[in-house]
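Data first, discussion second: the structure below is written as structure tokens.
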Amino acid sequence: MSATAGQAQGERGLAERLGLKPGQVVQEIGWDEDVDNELRDSIEDLTGNELLDEESDDVVDVALLWWRDGDGDLFDALTNAMRSLAKGGQIWLLTPKAGRDGHVEPSDIGEDATTAGLSQTSSISAAPDWSGTRLVTPKGR
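Under the UniProt record's numbering, think of the first position of the sequence shown as 1, with each following residue one higher.
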């Protein structure tokens, strides 16, 4: 395998870790200069779609929410992100890893997610500086 093919597979793997699939529509919320561009590129490569910005009114399969301590009210951000989700959609909450500027305590995520009516299903290392928490609406809602 060439270095380019290996690099492409590694980048594709970032999006695959999020469980994304070709054809899914992903809305990105909370973009700033510190986001992981390799992760963003891998999502676009895997899904075959450009990331929609937070101003989009389209219905989406996944909301990718970059969130840092100090960004405001997480409950409000989660509630707003849910508005665009298709039935069965999910939110990937991306927060800086422990020890990095803007780190959000897992207990704060759990509390705000529960209050917003979301269930946490998994947490992963989404990128070198970012942790990912998968949030879904409970079945039957």
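Backbone N, C-alpha and C fix where the C-beta goes; we use that ideal spot for every residue, glycine too. Computed from a predicted structure; not experimentally measured.
Query - Contact the stretch 116–123 vs the stretch 71–90: 3+ CB pairs below 8 Å - result: They touch, by the three-pair rule.
Query raised in the report: How is the beta strand (DSSP E) around ALA127 delimited, first residue to last?
Result: 119–127
Query raised in the report: Candidates TRP130, ASP129, GLY110, PRO22: which alpha carbon is nearest VAL136's?
Result: GLY110
Report task. Please go through the same chain and pick out, in chain order, the residues whose beta-carbon is closer than 8 Å to the beta-carbon of PRO22, but skip the five residues on each side of it. Result -> LEU46, THR47, GLY48
Query raised in the report: Once you ignore the five residues that flank GLU50 on each side, which residues in its own chain have a CB closer than 8 Å to its CB?
Result: GLU44
Report task. Measure how close the beta-carbons of VAL60 and VAL35 come, nearest whole angstrom, since I'm counting them as under 8 Å. Result -> Not a contact, Cβ separation roughly 18 Å.
Query raised in the report: Span of the beta strand (DSSP E) holding ASP108?
Result: For ASP108, there is no enclosing beta strand (DSSP E); the enclosing alpha helix (DSSP H) covers residues 106–115.
Query - Of the residues GLY70, ILE29, TRP66, the one placed nearest SER56, counting alpha carbons only - result: ILE29
Requested in this report: Please determine, among GLN24, SER125, THR121, THR95, the residue with the shortest C-alpha to C-alpha distance to LEU65.
Outcome: THR95
Report task. Take the Cβ of ARG83 as the centre, count every other Cβ of all protein chains shown within 10 Å, and call the residue buried at 16 or more, exposed below. Result -> With fewer than 16 neighbouring CB atoms inside 10 Å of its own CB, ARG83 falls in the exposed class.
Query raised in the report: Between ARG12 and the rest of its own chain, which residues show a CB-CB distance below 7 Å, the 5 nearest in sequence each way excluded?
Result: Legend: pLDDT at ARG12 = 49, less than 50; position of this residue unreliable, no value from coordinates given.
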